[in-house]
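**Student:** Just dropping this structure here.
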Amino acid sequence: MKVSIKRKAKSAWHKDWVSTIRNACDWASKELNLDSKQFTLDIRLKHDYNVDYYGVQLSVDPLRRSVIILNSALLDRKQVVEILFHEMVHVAQEFHQGLHITECMTEAHFEGMVYNFEGEDQFFGTHSEHPWEIDAYKRQDQLKEKYRKFLTKTA
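Per the working numbering, the very first residue in the sequence shown carries number 8; after that it's consecutive.
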């Protein structure tokens with residue numbers, strides 16, 4: 008896995024955050040069995056009040072290139088690593104659980120099941136009910152706790 012981190016909003020994202028995010032990403036990639044995968048993960052740090060997400064994961068080229076965007080305009084500083092873990096779980100779901108969502112958001116595949124939506128409104132309207140989201144929230148909490156223990160041991 009090749010990781011690239013870029014600060015789009017340098018004043019909102021202190022340069023020290025790049026190393027914090029890189030360390031958390033490297034640790035999580037091992038936990039999620041992504042470290043040996045041949046793909047690129049681009050992490051973009053932005054500050055944009057015009058969007059409604061804390062973080063988002065986009066499959067630019069499925070199983071080859073993913074982008075995770077973290078938005079400091081809506082994120083509390085304490086949430087950054089947690090949201091990073093959530094979005095990295097989605098990357099892992101693509102590799103290990105067959106997650107694929109069509110660009111028009113009318114169909115999703117996850118763990119051998121097909122989920123159909125009437126469009127973006129229905130897709131986003133039922134966001135928290137999607138099985139891949141339920142899984143990602145559960146696993147982000149597990150990763151956050153394990154990472155906290157890891158940091159405590161290495162301190």
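From the three backbone atoms N, C-alpha and C, an ideal C-beta is built for every residue, glycine too.
Less than 7 Å between C-beta atoms, sequence neighbours within five positions excluded: which residues of the same chain meet that for E140?
**Tutor:** Once the five neighbours on either side are set aside, the close Cβ partners of E140 are H134.
**Student:** Expressed to the nearest angstrom, what Euclidean distance is found between the alpha-carbon atoms of K44 and S73?
**Tutor:** Cα to Cα, K44 sits roughly 12 Å from S73.
**Student:** Given 8 Å as the limit, is there contact between the stretch 20-31 and the stretch 123-131, that is, 3 or more CB pairs closer than that?
**Tutor:** Taking 8 Å as the limit for Cβ pairs, the verdict is that the stretch 123-131 does not touch the stretch 20-31.
**Student:** Can you find at least 3 beta carbon pairs, one from the stretch 103-118 and one from the stretch 43-59, that sit closer than 8 Å?
**Tutor:** Flag = no, the stretch 103-118 and the stretch 43-59 do not touch.
**Student:** Taking E118 as the reference, which of F124, E125, A80 and H103 has the closest Cα?
**Tutor:** It is H103.
**Student:** Consult DSSP for D148 and reduce its assignment to one of helix, strand or coil.
**Tutor:** If DSSP states are grouped into helix, strand and coil, D148 belongs with the helices.
**Student:** Under a three-way DSSP split, which group does H103 fall into?
**Tutor:** It is helical.
**Student:** Would you kindly report the start and end of the unbroken beta strand (DSSP E) that includes K53?
**Tutor:** Element bounds for K53: T47 to K53.
**Student:** Taking just the CA atoms, how far does V63 sit from E94?
**Tutor:** Rounded to whole angstroms, E94 to V63 spans 6 Å at the Cα level.
**Student:** Quick check on the burial criterion: 16 or more other C-beta atoms within 10 angstroms. Buried or exposed for V87?
**Tutor:** Flag for V87 reads buried.
**Student:** Measuring CA to CA, which of E152, F124, A80 and E125 is closest to S18?
**Tutor:** Of the candidates E152, F124, A80 and E125, the one whose C-alpha sits nearest the C-alpha of S18 is A80.
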